[in-house]
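A.B. asks:
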Amino acid sequence: VALGAAIIGAGFIGRVHARSARLAGADLVAVGASTPEEGEEAAKELGAARGLRSLDELVDAPDIDVVHICTPNALHAEQVRVALRAGKHVICEKPLATSAEDAAELAALARATGVVAAVPFVYRFYASVRQARALVADGSTGSVRLLHGSYLQDWLSEAADWTWRIDPELGGESRAFADIGSHWCDVIEFVSGHRITRLSALFHTALPERLAAPHRAAFSVPGAGDDLERRSVRTEDAGFVTFETDQGAVGSAVISQVSPGRKNRLWFELDGADLALAFDQERPEELWIGARTGGGTQLRDATQQASDAARFSLLPAGHPQGYYDAFEAFVRDTYGRIVGEPADGLPTFDDGARSASIVATALEAARTGTWLDVPSTPS
Ligand SMILES: NC(=O)c1ccc[n+]([C@@H]2O[C@H](COP(=O)([O-])OP(=O)(O)OC[C@H]3O[C@@H](n4cnc5c(N)ncnc54)[C@H](O)[C@@H]3O)[C@@H](O)[C@H]2O)c1
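Residue numbers (our numbering): 1 to 379.
(1) If you follow the beta strand (DSSP E) that Q298 is part of, which residue opens it and which one closes it?
(2) What does a CB cutoff of less than 6 Å around P234 pick up in its chain, not counting 5 residues either side in sequence?
(3) Mapping DSSP to helix, strand and coil, what is E229?
(4) Roughly how many whole angstroms lie between the Cα atoms of F240 and G345?
(5) Given a cut-off of 8 Å on the beta-carbon distance, is the pair V115 and T334 in contact?
(6) In three-state DSSP terms, what is W288?
(7) For my contact list, I64 and G9 are in at a C-beta cut-off of 8 Å; report their separation, rounded to the angstrom.
(8) What is the DSSP secondary structure of H68, reduced to helix, strand or coil?
(9) Out of L3, E105, P36, A61, state which residue places its alpha-carbon closest to the alpha-carbon of R354.
(10) Is the separation between the beta-carbon of F177 and that of F12 shorter than 8 Å?
(11) Hey, would you say the C-beta of V122 is under 7 Å away from at least one heavy atom of ligand 1?
(12) Taking G149 and E269 to be in contact with their CB atoms under 8 Å, please state how far apart those CB atoms are, rounded to whole angstroms.
(13) For ligand 3, is there a heavy atom less than 7 Å away from the beta-carbon of V1?
(14) In the DSSP assignment, find the unbroken alpha helix (DSSP H) run with L363 in it and report its ends.
(15) On the CB-based measure, 16 or more other CB atoms within 10 Å of its CB, does W371 come out buried or exposed?
(16) Between C70 and ligand 1, is the CB less than 7 Å from at least one heavy atom?
(17) The beta strand (DSSP E) spanning E244 covers which residue range?
(18) Can you give the beta carbon distance from A134 to D308, rounded, assuming they're within the 8 Å contact cut?
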């Protein structure tokens, strides 16, 4: 029997979830949005059976097994609580919550209820990333010494660029670091098997004032319908972190949403004693393998790669896969876990709580200009 899925929040990523849910074999039962009317409309548009007028309807909805929370960050915690109390499996977008305390509470609640609770750290679902993880795990890289890279975007590089993420009331106190630095830290810990234990951070707001357009959808161009107002900005456009890991490596990352020409360039390099590995999200079919002699760029190829990487090769080598495929794989693995299948590397609420804890530590380190320990969280 197909799982019944509900999507809450039908913006950019809600639509990606809806598509992935269908491809992973679920019935799209319901869609909820900012208002009951918008929910009805989005449900029609996405071909769901009905719009949700209120989250309370989840309690009496036996046809809904799994709820996807795809709303602005500050709404996640309360919406997740409602979904968990209704006994549903939950996929909640990152950041799981806008405070480390809320995220830890949600992770504990999910553990106590025994449902599957996942967070789309979706870059874990590229075959090249799994291959990198396998090359560290089987000892090919030798011990990992350095972890470094960046996650750069340009969609907020001008004063007229606006998203709800800029407003701390909706996005949380950290913006660039919580929004995309969270992905970078998750993927680097995932691939290396290391944990960031101590960090320092420098946050920077390049545009202290912007033209706010509160009703503009994410990643859309300024339009005539925008209701513009000048607002001062309290969240960071960029963040630099330096860190140490539990296994003696050191690293750094540059996180920015104001880097012209970089669209969604999550890039990391891991330097081991024998090999280095590098991955660029804008070229996800490739894994660079650095060596004193030899080395080169390996293309995704299920016949040549570790079984965990091959699991995410859905097309023959040379037939490019991308973001949609990674997202679909994440949702497929989450649904697999719901029906009792193994899903190695599934990012859970514990990973979401860990991420929120790293974000909170970076924010505090940036504020105080000090090195701080990252509190350990359950894994
Ligand atoms: N995992 C990823 O790769 C990834 C990528 C993009 C966004 N995200 C996350 O997804 C979330 C949404 O981001 P987005 O880019 O889709 O934003 P968006 O602005 O495109 O969409 C948000 C949607 O939520 C709806 N909404 C607002 N209040 C609501 C409410 N009370 N109930 C139901 N719906 C409500 C809005 O109408 C809008 O359609 C954020 O938490 C973001 O961090 C994750």
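We treat Cβ as the ideally placed atom computed from N, Cα and C, and that holds for glycine.
Bear in mind the structure is a predicted one, so any value in this text is a computation, not a measurement.
C.D. replies: In short, the structure shows the following:
(1) What you label residue 298 is simply residue 298 of the sequence shown in a count that begins at 1. In this chain, the beta strand (DSSP E) harbouring Q298 covers 295-299.
(2) Taking the sequence shown and counting its residues from 1, one reaches residue 234 at position 234. First, the amino acid is wrong: residue 234 is Arg here, not Pro. These residues qualify, in order along the chain: P168.
(3) Against the sequence shown, residue 229 aligns to sequence position 229. Of the three classes helix, strand and coil, the one that applies to E229 here is strand, per DSSP.
(4) Walking along the sequence shown from the start, residue 240 turns up at place 240. Walking along the sequence shown from the start, residue 345 turns up at place 345. About 27 Å.
(5) Residue mapping note: residue 115 aligns to position 115 of the sequence shown, counting from 1. Residue mapping note: residue 334 aligns to position 334 of the sequence shown, counting from 1. No, the Cβ-Cβ distance between V115 and T334 is not below 8 Å.
(6) Locating residue 288 in the sequence shown gives position 288, where the first residue counts as 1. In this structure, W288 counts as strand in the three-state DSSP scheme.
(7) Here residue 64 refers to the residue found at position 64 when the sequence shown is read from its first residue. Here residue 9 refers to the residue found at position 9 when the sequence shown is read from its first residue. At roughly 15 Å, the Cβ-Cβ gap does not stay under 8 Å, so I64 and G9 are not in contact.
(8) The count along the sequence shown starts at 1 and reaches residue 68 at position 68. H68 falls in the strand class under three-state DSSP.
(9) Taking the first residue of the sequence shown as position 1, residue 354 is located at position 354. Here the closest residue by C-alpha is E105.
(10) The count along the sequence shown starts at 1 and reaches residue 177 at position 177. The count along the sequence shown starts at 1 and reaches residue 12 at position 12. No, they are not a contact pair.
(11) Numbered from 1 along the sequence shown, position 122 holds the residue referred to as residue 122. Yes, the beta carbon of V122 sits closer than 7 Å to at least one heavy atom of ligand 1.
(12) As a position in the sequence shown, residue 149 is number 149, starting the count at 1. As a position in the sequence shown, residue 269 is number 269, starting the count at 1. That belief holds up - the Cβ atoms of G149 and E269 are roughly 6 Å apart, short of 8 Å.
(13) The model depicted lacks ligand 3 and carries ligand 1 instead.
(14) Here residue 363 refers to the residue found at position 363 of the sequence shown. Start and end: 349-368.
(15) Working through the sequence shown from its first residue, we reach residue 371 at position 371. That one is exposed.
(16) In the sequence shown, the residue the question calls residue 70 occupies position 70. Within the cutoff, so yes.
(17) Within the sequence shown, numbered from 1, the residue matching residue 244 stands at position 244. Note, E244: beta strand (DSSP E), 238-245.
(18) As a first step, residue 134 is located in the sequence shown; it is residue number 134 there, counting from the start. As a first step, residue 308 is located in the sequence shown; it is residue number 308 there, counting from the start. Right, the Cβ-Cβ distance comes to about 6 Å (below 8 Å), so this counts as a contact.
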